[in-house]
Amino acid sequence: MAAAISVDARRLQSGFSDFDFPMAVSPNYPSSSLDSSPSATSATPSLVPPWSRTFSPSSPASRLAVDALSYDYSASIECLASPLKPQYEGGIVGNPELDHGMTGWTTFGDAQIEHRVSKEGNNFIVAHHRNQPHDSFSQKFYLETGKYYTFSAWLQVSEENAQVAAIFKTQSGFEHAGWVAAKSGCWSMLKGGLTLNASGPADLYFEARKSSVKLVAVDANGNPLPNATVTITQTNGRFPFGCAISDQIIYNTGYQNWFKSKFRYTTFENEMKWTSTEYTRGRVDYSKPDAMLRFTSQNGISVRGHNVLWDDKRFVPGWAQSLSPKDLRFAVDNRVNSIVRRYYGKVISWDVVNENLHFNFYESVFGKYASAILYSNVNGIDGGTTTLYLNEYNTIEEPGDGASSPDKYLEKIRELRFGGYKGPLGIGLQGHFRTPNLPYMRAAIDKLASTRLPIWLSEIDVVSGPNQAAYLEQVLREGHGHPSVRGISLWSAWRPQGCYTMCLTDNNFRNLPTGDVVDKLIREWGTFPEGFSGVTDSKGRFEARLFHGDYKVTVTHPNINGSSVVDQSFECLATPLKPQYGGGIVANPELDHGLKGWTAFGDAYLQQKVSKGGNNFIAASNRHGPRDSFSQKFYLEKGKFYTFSAWLQVRQGNAKVAAIFKTMSGFQHAGWVVAKSGCWSMLKGGLTVNSSGPVDLYFESSDASTEIWADSISLQPFTKEQWKSHQRLSIEKARKSSVKLLAVDAEGNPLANATVSITQERASFPLGCAMTNHIQTNLAYQNWFRSRFTVTTFENEMKWGSTEPARGREDFSVPDSMLRFAAQNGVSVRGHNVVSNDPRNIPEWAKSLAADEFRLAVERRVNSVVKRYAGKVIAWDVVNENMHFDYFESVYGKNASAVLFGKVHELDRGTTLFLNEFNTIETIYDGDSKPDKYLEKIWEIRMGGYDGPIGIGLEAHFVAPNLPYMRASIDKLAAAGVPLWLTEVDVASGPNQAFHLEQVLREAHAHPNVHGIVIWAAWRPEGCWRMCLTDNNFKNLPTGDVVDKLIREWSHPSGFSGTTDSKGRFETRLFHGDYNAAVTHPNAYGVSSQVAQGFKVGSGNSDQSKKRTRRLHVKVN
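Those letters in the sequence shown? Residues 4 to 1120, by the numbering used here.
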């Protein structure tokens, strides 16, 4: 039978669906006489006809034969109970019907594949436990340039429907061979083909569009939450689906309400065209498109610019047709400059020379390369930020129209490139259908997709008739299902006198059958779903199949105080929250007073906009450079700390947006965020300044085409004393608890005036320092260390390069010895690290291995170190620095970290597994590991299938700390609700090293979400990595004095005494930890009795501590 990819979506982890694909792989073809022009023809998983192939099942990568053979025109659009035989008997595919088990087939990416047999005895292949869209099964081939390959396969999925593509990974990229809407319970035929630009090896694999998402609900400690309610709502559908509008939208509220409830993309039917805006030469009127753009902008609707010019003479203004070539060129230049400059940044694309395959008005005047020149002119004005489209009819509608066939379309693209146009280009397919020929439509798009340019179906409609709605549904499903189609726009602009070819509603905006089709597909495709809910299983897991897009997930559980809202950006909200501190010193922070207080920074157009819910915000459009935005002036003072926050959104897509203050001495970044379309993301940061003076706040995004929106903007100054008071208050709340002791005699009577002496046995807050192997033999080092610290990290001794310097020669004697010292002295150890993603920290011998050998070496490393120290360490840094580096991703694929976290968790289920990165809180300028990126990485690991306990490790290698930014970054990371440690704290050498170290340690200890601190000052006689605490005689350096001072301040090392009141009570506030209390009381004869009792003070009982009294019994003789 045909090769089957059967993936069980219910077993899928990491966020992508499992599906079944039976397939007959038969790459075919043949003839050396064929040229190498781009071509896509149909066939099945069969590459080359059997009677001319030169391969055996044991050598599927054999070269193709070159004998010509007849073409198999057969295809099926039915979903069959059993797949048909593979075309060309499989061609060059080894074991095409899976009659020889898994011979010839291997895993592509991260999937489990197996051979199965149906009830009827049909053999097929299954891929399940997939973690990414491309995870499936694979076979290798050697494909040659100059040949045409047909491909076909029969596919099935385990449940529902899924769009499945067949793709060949080549040395130069990825080639799509075709796709099909695979179904559950029956077999669908995929038929396609490909050509290559260069000969070489290729890997066939399969990929799907719809995804299965696995969510794991966990508490703050990473423990699964069973029976939690999960509610999912989509905030932004990724697939653009829209409809044309007419100028009637300006005046008709019924039309407005109908449209904005359904669509987020549009094209103006006629209102932007040259004949509409300059009916008479020199009298330009943009009032209608301007008004229509105001409507779309206010409602978050993106607009395709249609059109700059039209090559059909009938749609060139009459006055322009009568001009001389010189005057026409001048008029065309004016037209291009006028419309493109006016709507720069306000449209997502331009149809530049409409229908220039069927018509040639401008070529007849300006020459063969007229289109290339005009595209280049538009691109020059636009700055290269907007994709410029061709836009043609009958390319996918009518096989008999030779003027705009796929081959002609490809020739036109080559002509534009040859004519000098080098900017972004797109393919617009109008799609005006009578009776759709779906196999031809699919094959035509396949062929155009070989260009790898974005494809839009730009003007979809179907002629009137009894089957109009049915045909419309067929066309829309075919377009949406094709992996190369980027968007669809219907050509159903409403006018009271009727639509161009097809309306969706009557004049009261009640659906016609075509409108019912559109509404059904909007619901089915999840463009604006109503949301849905479910309940997590016993392991806290919840799975759902979702169309690609942005989602908000709300988790409600009895153990959660209210609801916990999370998504990939962690809190992308439909409406921004109120500004912190009421906006602080920001004027008009909520934009309730128009644009008062705000001015343009650089070259941008500012507007106050109002959302559907009545929320005011500021928008910057028509931006020409990254810094062009809105601005407000302030006077900032040296010596003050400024916290900054704002809620940001972009009009389309996602974009990094930074808040920057221009000062007299330069530019200060206050923070940044990945802003999204359709919801508001919080930017939180802060700054200090080196000198007092005026500053300008502005916002920056590298893509000038991005329209930036902002609301709830806040800038709040604090003096140094206020900042320290925040720390003191936070410490009182997070690190200390009230304790009430009651002293009683043997009969339970209170003992007044008893002496209570309290000594601390151990502090709860983990404050530690890294150590080196010198701790094994240096007694002074041992004494210095154990008198101060309760936690440690081995600097290098547990790393792969230290324990296995040569392949197979493992030596754990040094870390074993260090662990014995730590255990004997009550010092907890962080496991650092299992592997590092930085290639410089991977053993040289391992990097020289082949991929399969490297995998085996890594598996041995993980098993070796984790099994040896499971239960002996309190944390594992699993893949160190996996945001800055990606060595393991280059071997294992994108999901490498999730896979490795999962392997470690299987071996040590009781230990929290940490990410560990630098520059997240130290500097604002490193985009690789900023808080948003860190949260994305956590999300990626969760979606990759890891559902165990996870933690945030912040290395914290500082130069000069920006405390407001540090605090704001930890605030943002705390939204993940997982343990957070500062793991490698040090400060660069310099006159302020000790002062800056104290600032960092105080800020971290005071933050309620920091669970522990390790200082990176491991001692070596030759010197420390960056910062030492002592000299070689273990006498404190200034940094060591800071640490000792803080240890004393954050604990009660010397103990203290007090006296009970008349009711035998003694109250105090203590740092969390283990304590011993001794009560002394004299009897009537002056003889004292004493009792000692141990007790624990911790955050777990802090809320109850005011009500809780510990009774201490003293026997009075």
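Each residue gets a CB set at the ideal place from its N, CA and C atoms; glycine is no exception.
No experiment lies behind these values; they were computed from the predicted model shown.
Could you tell me which residues DSSP pairs with residue i in its beta bridges?
i               : result
asparagine 919  : Gly956
cysteine 772    : Ile1018
alanine 991     : DSSP lists no partner for alanine 991.
threonine 109   : Ser141
alanine 1080    : Ile761 and Gln1096
tryptophan 182  : Ala168
tryptophan 353  : Gly308 and Leu391
asparagine 1039 : Thr1033
glutamine 115   : His131
Secondary structure at residue i, three-state DSSP: helix, strand or coil?
i                 : result
phenylalanine 362 : coil
tryptophan 494    : coil
alanine 737       : helix
alanine 826       : helix
proline 402       : coil
serine 715        : strand
methionine 192    : strand
valine 962        : coil
arginine 480      : helix
isoleucine 663    : strand
asparagine 867    : According to the sequence shown, residue 867 is serine rather than asparagine. Note: serine 867 maps to helix in three-state DSSP.
glycine 1026      : coil
methionine 685    : strand
tyrosine 937      : helix
leucine 475       : helix
tryptophan 726    : helix
asparagine 883    : strand
glutamine 635     : strand
For residue i, which residues from the same chain have a beta carbon less than 6 Å from its beta carbon, with the 5 sequence-adjacent residues on both sides left out?
i            : result
lysine 940   : Met886
serine 305   : Tyr268, Ile351 and Gln655
arginine 823 : none
Cutting at 7 Å between CB atoms, please list the residues of its own chain near residue i, excluding the five before and the five after it.
i               : result
alanine 977     : Leu983 and Asn1012
tyrosine 784    : His777, Ile778, Trp1022 and Phe1037
glutamate 400   : Gly434, His435 and Phe436
threonine 539   : Ala220, Leu228, Pro229, Asn230, Ala231, Val233 and Phe545
glycine 616     : Thr578
asparagine 1035 : Pro1024
If distances are taken between C-alpha atoms only, which option among the options comes closest to residue i?
i                 : options                           : result
arginine 1068     : Pro1024, Gly1015 and Val742       : Val742
aspartate 911     : Asn756, Val837, Gly948 and Tyr937 : Val837
alanine 446       : His485, Pro457, Leu428 and Ile463 : His485
serine 141        : Phe209, Ile253 and Pro439         : Phe209
arginine 417      : Leu393, Asn125 and Thr438         : Leu393
asparagine 359    : Trp353, Lys349 and Ser374         : Ser374
serine 487        : Leu456, Glu813 and Asn514         : Leu456
isoleucine 525    : Ser264, Phe369, Asp464 and Thr578 : Ser264
alanine 707       : Ser624, Arg789, Phe664 and Asp748 : Ser624
phenylalanine 298 : Pro86, Val311, Lys450 and Thr256  : Thr256
asparagine 781    : Met821, Gly811, Thr795 and Gly771 : Met821
Once you ignore the five residues that flank residue i on each side, which residues in its own chain have a CB closer than 8 Å to its CB?
i              : result
serine 932     : Met886, His887, Glu920, Phe921, Asn922 and Thr923
glycine 387    : Gly426 and Pro427
threonine 1062 : Asn756, Ala757, Thr758, Val759 and Phe1069
asparagine 470 : Thr438
Would you say the beta carbon of residue i is closer than 7 Å to some non-hydrogen atom of the ligand PLP?
i             : result
aspartate 714 : In the structure on display, the ligand PLP does not appear, and there are no ligands present to speak of.
**Message:** Quick test of the definition: if touching needs 3 or more C-beta pairs under 8 Å, does the region 376-395 touch the region 643-663?
**Reply:** The region 376-395 makes no contact with the region 643-663: fewer than 3 CB pairs, one atom from each, lie closer than 8 Å.
**Item:** Stretch-stretch touch, CB-based, cutoff 8 Å, three pairs: the region 980-996 with the region 945-961
**Value:** Contact between the region 980-996 and the region 945-961 is present: 3 or more CB-CB pairs across the two stretches fall below 8 Å.
**Message:** Contact between the region 694-712 and the region 726-739 is defined here as three or more beta-carbon pairs at a separation below 8 Å; is this criterion met?
**Reply:** With a cut-off of 8 Å on Cβ pairs, the region 694-712 is not in contact with the region 726-739, counting fewer than three such pairs.
**Request:** Spell out a yes or no on whether the region 154-162 and the region 460-468 are touching, meaning 3 or more CB-CB pairs, one atom from each, closer than 8 Å.
**Result:** Judged by pairs of C-beta atoms under 8 Å, the region 154-162 does not touch the region 460-468, as fewer than three such pairs exist.
**Request:** Please confirm if the region 642-654 is in contact with the region 677-686, defined as three or more CB-CB distances below 8 Å between the two stretches.
**Result:** Touching, yes.
**Asked** Are the region 599-610 and the region 620-637 in contact at 8 Å, needing three or more beta carbon pairs?
**Response** Flag = yes, the region 599-610 and the region 620-637 touch.
**Asked** Taking three-plus beta-carbon pairs below 8 Å as touching, is the region 497-515 in contact with the region 186-203?
**Response** Touching, no, given that fewer than three Cβ pairs across the two stretches are closer than 8 Å.
**Request:** Pair every Cβ in the region 265-284 with every Cβ in the region 578-590, then say whether three or more of these pairs are closer than 8 Å.
**Result:** Touching, no.
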